[in-house]
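Novice: Dropping a structure here in structure tokens format, bear with me for questions.
In the working numbering, the protein residues as written are 44 to 786.
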């Protein structure tokens, strides 16, 4: 039962949404940016455009991954770059806070209570009660625009720019010092840079510099800087704990507009980004352009039927799926190369560079989704990774702002690249990509991808591994490598490299060495071949030293949540288990006993695995509907756990449409249970000449969740999956639904 305080928060939220009215015509009216800002979803409500480099968003929690947690009582300022739905904080740079009266440089002392908070795609507004200031913000791709409506003030309407602020929650990394710089150019402009880093751990070692230029619509009557608690008239500061302040005289309700251009390359590029994208001072013009950009991307899906809540969940999930990866190159094409080895230009290769590749999460469904429905973007994301691999010799594991953070396990770029390639999106350097995959999966001089040497020596990574590599979850890591080897084998086959195909198909079977027929689980082993003991399939701690890191041998899960993670060889797994009946019984047990975790990446595809057993697809349909209804909603806690850079949102999108990529790289999508009467998808004709995919349901309802029959262009479809070509070549798919499973 929720506490009284929680109910008050939710009542406030629903009242705020009622005050919003429609967000405007088009699908943005269904998007609620507050979904996922509570319940550990770690999204943010601020303003940005699709895949934008800049996001102008409030910080009401200085340690939250996105800087925002729904219901927290005070706002500390508005940052200009953010991560959406990640498990760890970073960025949050260029924190701007309007105040009135005395200048307080400490964020705790300058904070404000707030109310009247509203948001829609590309726009955010809030009333800062402490100072009686209304703040509105919008954005272009590389610049943000904020409008502050001050009360009547005489020389003490303040705008504070904290350039040392960054988001972190790690007691180790918070002690690390990052350099910043600010320089006042005039009474209407300042420039500088802000550093942040140590994503998830001090051991990540990433450090990124956000350069910025800020301009004001009105001259300040006074401007200065601070260092620590000391205010100074100096026009320039550098080091730690620094910032700048601008003071204005205002009439009651007079707006002061602030524009901030951002770049990861230089102040000059930040200024160029700002001048190019927001040359004027018309806030409504920029806001309208942001809404138009969102409507343009969301309108690829025309949805009829479904409840208001289902429409809101669907289009908000689509909104969240179009945030990361984010644009990284400036308007002149320049960007920081991987490892910050130097500035390069994307224009030379005619592509847009992206960053924020949370690949251990997103390879499973977000990138397949983008490849199907936003292929131009997905192709540039693949190009970005291929070029990163050239710059750093291997593919990055978890890239942020041109840094390899090394977070998570396996080689997740491999299935992402191979899936993109097999979707037919091949306009990147294929030969270089293939050789980079070979290097990524080779143990030679490879510190990023630990355990490969032992995997090749033993046929598995032992729990008592003595190779000296850093390892987290030897079973989980081995399973990830097993799948990546299978993906590499598919690419080798397509490239007619028979020798490599046979080699890597063989290595894709290493998962079998973990199967313990006595316990019926994929279980950790020692170097001598003995099973690790003691063994508890429900254990979720402690393979590593921090909480909730996973049971011994597993990553962020337990033996149940990895039992079926063999996406490339379900037939082989079924044979190990003893055949279809045992496989189905064990899989159903996973759901019935509550072992399935909707917020956990490795088991995201589990509901769709019943499709692999003849006559059992109805179980997939039942479980998928139940998960959508139970785990997704319209409140701030409407996402099951971290959105993981759009991964949980992409799961809902696929599931609502009626199919899911249970095995990226296979060009197959397992059938589920669609929820809408009709979805018309406008495909990109430059990539998929069919142009339109129509998904219809007949006799669909909450109770009628079972698929009785399917027709594709009027022809009976007997399979429990769709191949890629069926979805992208102008087909009409009709699902006839029923209350009872198909006999």
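Glycine included, C-beta positions come from ideal geometry on N, C-alpha and C.
In chain order, which alpha helix (DSSP H) runs of at least 4 residues are fully inside the segment 157-198?
Specialist: none
Novice: What is the C-beta distance between residue 715 and residue 755, in whole angstroms, given that I count them as a contact (C-beta under 8 angstroms)?
Specialist: Here the question's residue 715 lines up with position 672 in the chain shown. Here the question's residue 755 lines up with position 712 in the chain shown. In this structure residue 715 is not in contact with residue 755, their Cβ atoms being roughly 16 angstroms apart against a cut-off of 8 angstroms.
Novice: On the DSSP bridge assignment, give the partners of residue 616 in chain order.
Specialist: On the chain shown, position 573 is the one that residue 616 refers to. Residue pairing by DSSP places residue 616 opposite no residue, since no beta bridge is assigned to it.
Novice: Going by alpha carbons, who is nearest to residue 690 out of 135, 568, 566, 401?
Specialist: As a working note, residue 690 is residue 647 in the chain shown. Selected option, being the one with the closest Cα: 401.
Novice: Using a Cβ-Cβ cutoff of less than 7 angstroms, which residues in the same chain neighbour residue 498 once the five nearest sequence positions on both sides are dropped?
Specialist: Residue 498 sits at position 455 when you count from the first residue of the chain shown. Only 504, 521, 524, 553 meet the Cβ criterion.
Novice: Is residue 758 helix, strand or coil when you go by DSSP?
Specialist: Residue mapping note: residue 758 aligns to position 715 of the chain shown, counting from 1. Here residue 758 sits in strand by DSSP.
Novice: Could you tell me the alpha carbon to alpha carbon distance between residue 601 and residue 622, rounded to whole angstroms?
Specialist: For the purposes of this step, residue 601 is identified with residue 558 of the chain shown, where counting begins at 1. For the purposes of this step, residue 622 is identified with residue 579 of the chain shown, where counting begins at 1. Those two C-alpha atoms are separated by around 23 angstroms.
Novice: Leaving aside the five residues before and after residue 127 along the sequence, list all residues of the same chain whose C-beta is less than 7 angstroms from its C-beta, in chain order.
Specialist: Numbered from 1 along the chain shown, position 84 holds the residue referred to as residue 127. Around residue 127: 86, 87, 109, 363, 366, 367, 686, 688.
Novice: Measuring alpha carbon to alpha carbon, tell me which of 733, 745, 320, 396 ends up nearest residue 767.
Specialist: Walking along the chain shown from the start, residue 767 turns up at place 724. When each option's Cα is compared against that of residue 767, the closest is 733.
Novice: DSSP state of residue 581, grouped into three classes?
Specialist: As a working note, residue 581 is residue 538 in the chain shown. The answer is coil: DSSP assigns residue 581 none of H, G, I, E or B.
Novice: Hey, would you say residue 186 sits closer than 7 angstroms to residue 375, going by beta carbons?
Specialist: One-based indexing of the chain shown puts residue 186 at position 143. One-based indexing of the chain shown puts residue 375 at position 332. It is not a contact, given that the beta carbons lie outside the stated cut-off.
Novice: One question on the structure: do residue 396 and residue 357 come within less than 7 angstroms of each other, judged by their Cβ atoms?
Specialist: Here residue 396 refers to the residue found at position 353 when the chain shown is read from its first residue. Here residue 357 refers to the residue found at position 314 when the chain shown is read from its first residue. No. Outside cutoff.
Novice: Would the segment 614-628 count as touching the segment 531-543 if we require 3 or more Cβ pairs under 8 angstroms?
Specialist: No contact exists between the segment 614-628 and the segment 531-543.
Novice: Hey, residue 670 and residue 645 are a contact pair by Cβ (cut 8 angstroms); roughly how many whole angstroms apart?
Specialist: Numbered from 1 along the chain shown, position 627 holds the residue referred to as residue 670. Numbered from 1 along the chain shown, position 602 holds the residue referred to as residue 645. The pair is not a contact, with the Cβ atoms about 15 angstroms apart (cut-off 8 angstroms).
Novice: Under 6 angstroms Cβ to Cβ from residue 782, same chain only, skipping five residues before and after it: list those, please.
Specialist: On the chain shown, residue 782 is found 739 positions in, with the first residue counted as 1. The residues 746, 747, in chain order, have a CB closer than 6 angstroms to that of residue 782 in the same chain once the five nearest residues on each side in sequence are set aside.
Novice: Could you check where the beta strand (DSSP E) with residue 741 kicks off and where it finishes?
Specialist: Here residue 741 refers to the residue found at position 698 of the chain shown. Note, residue 741: beta strand (DSSP E), 735-741.
Novice: From the DSSP output, in three-state form, read off residue 428 for me.
Specialist: Numbered from 1 along the chain shown, position 385 holds the residue referred to as residue 428. Looking at residue 428 - three-state DSSP - the assignment turns out to be helix.
Novice: Check each candidate in 225, 306, 308 and name the one with the smallest Cα separation from residue 269.
Specialist: Here residue 269 refers to the residue found at position 226 when the chain shown is read from its first residue. Out of 225, 306, 308, 225 has the C-alpha closest to the C-alpha of residue 269.
Novice: For residue 643, which residues from the same chain have a beta carbon less than 7 angstroms from its beta carbon, with the 5 sequence-adjacent residues on both sides left out?
Specialist: Numbered from its first residue, the chain shown carries residue 643 at position 600. Closer than 7 angstroms at Cβ, skipping near neighbours: 599, 600, 604.
Novice: Within a Cβ cutoff of 7 angstroms, which residues of the same chain sit near residue 230, ignoring the five residues on either side of it in sequence?
Specialist: For the purposes of this step, residue 230 is taken as residue 187 along the chain shown, with counting starting at 1. For residue 230, where only same-chain residues beyond five positions count, the Cβ hits under 7 angstroms are 262, 263, 266.
Novice: In the DSSP assignment, find the beta strand (DSSP E) that holds residue 138 and state where it starts and stops.
Specialist: Locating residue 138 in the chain shown gives position 95, where the first residue counts as 1. Unbroken beta strand (DSSP E) run through residue 138: 138-143.
Novice: If you draw a straight line from the C-alpha of residue 636 to the C-alpha of residue 350, how long is it?
Specialist: Locating residue 636 in the chain shown gives position 593, where the first residue counts as 1. Locating residue 350 in the chain shown gives position 307, where the first residue counts as 1. Distance between the alpha carbons of residue 636 and residue 350 is about 30 angstroms.
Novice: Which term fits residue 78, buried or exposed, when burial requires 16 or more other beta carbons within 10 angstroms of its beta carbon?
Specialist: As a working mapping, residue 78 is identified with position 35 in the chain shown. Residue 78 comes out buried.
Novice: Only counting the same chain, and skipping five residues up and downstream in sequence, which positions put a Cβ closer than 7 angstroms to that of residue 574?
Specialist: Start at 1 with the first residue of the chain shown, and residue 574 comes out as number 531. Excluding residues within five positions, the ones whose Cβ falls inside 7 angstroms are 559, 566, 568.
Novice: Is the Cβ of residue 246 closer than 7 angstroms to any Cβ of chain D?
Specialist: Considering every chain present, this structure includes no chain D. It has just one protein chain.
Novice: I'd like the list of long-range same chain contacts for residue 404, defined as Cβ closer than 7 angstroms, with 5 residues on each side in sequence excluded.
Specialist: Your numbering for residue 404 matches position 361 in the chain shown. Closer than 7 angstroms at the Cβ level, and outside the excluded window around residue 404, lie 644, 687, 688, 690.
Novice: Ordered along the chain, which non-local residues of its own chain (more than five positions away) have a Cβ less than 7 angstroms from that of residue 75?
Specialist: Within the chain shown, numbered from 1, the residue matching residue 75 stands at position 32. In chain order, 60, 355, 359, 677 place their CB closer than 7 angstroms to the CB of residue 75, counting only its own chain and leaving out the 5 sequence neighbours on each side.
Novice: Can you check DSSP and say which residues form a bridge with residue 749?
Specialist: Taking the chain shown and counting its residues from 1, one reaches residue 749 at position 706. Per DSSP, 781.
Novice: Please name the residue in 113, 172, 287 whose C-alpha comes closest to that of residue 103.
Specialist: The count along the chain shown starts at 1 and reaches residue 103 at position 60. Closest by alpha carbon: 113.
Novice: Going by the DSSP bridge assignment, what does residue 113 pair with across the sheet?
Specialist: Residue mapping note: residue 113 aligns to position 70 of the chain shown, counting from 1. Per DSSP, none; premise fails for residue 113.
Novice: According to DSSP, is residue 44 helix, strand or coil?
Specialist: What you label residue 44 is simply residue 1 of the chain shown in a count that begins at 1. With a pLDDT of 35 at residue 44, under the threshold of 50, the modelled position of that residue is not reliable, and the figure given next carries that caveat. Coil.
Novice: Using only alpha-carbon positions, find the residue among 341, 527, 197, 595 that is nearest to residue 94.
Specialist: Position 51 of the chain shown, counted from the first residue, corresponds to residue 94. Comparing Cα-Cα distances from residue 94 to each of 341, 527, 197, 595, the minimum goes to 341.
Novice: Can you give me the Cβ contacts of residue 382 inside the same chain, cut-off strictly under 6 angstroms, excluding the 5 residues immediately before and after it?
Specialist: Taking the first residue of the chain shown as position 1, residue 382 is located at position 339. A distance below 6 angstroms between beta-carbons, with the five flanking residues on each side excluded, links residue 382 to the following residues of its chain, in chain order: 435.
Novice: Threshold first: 4 residues or longer. Then list the alpha helix (DSSP H) segments lying entirely within the segment 667-718, N to C.
Specialist: As far as the segment 667-718 is concerned, its whole alpha helix (DSSP H) runs of at least 4 residues are 690-700.
Novice: In whole angstroms, what is the alpha-carbon distance linking residue 139 and residue 245?
Specialist: Residue numbering aside, residue 139 sits at position 96 when the chain shown is read from its first letter. Residue numbering aside, residue 245 sits at position 202 when the chain shown is read from its first letter. Their Cα atoms are separated by approximately 26 angstroms.
Novice: Span of the alpha helix (DSSP H) holding residue 328?
Specialist: In the chain shown, counting from the first residue as 1, residue 328 sits at position 285. Unbroken alpha helix (DSSP H) run through residue 328: 326-341.
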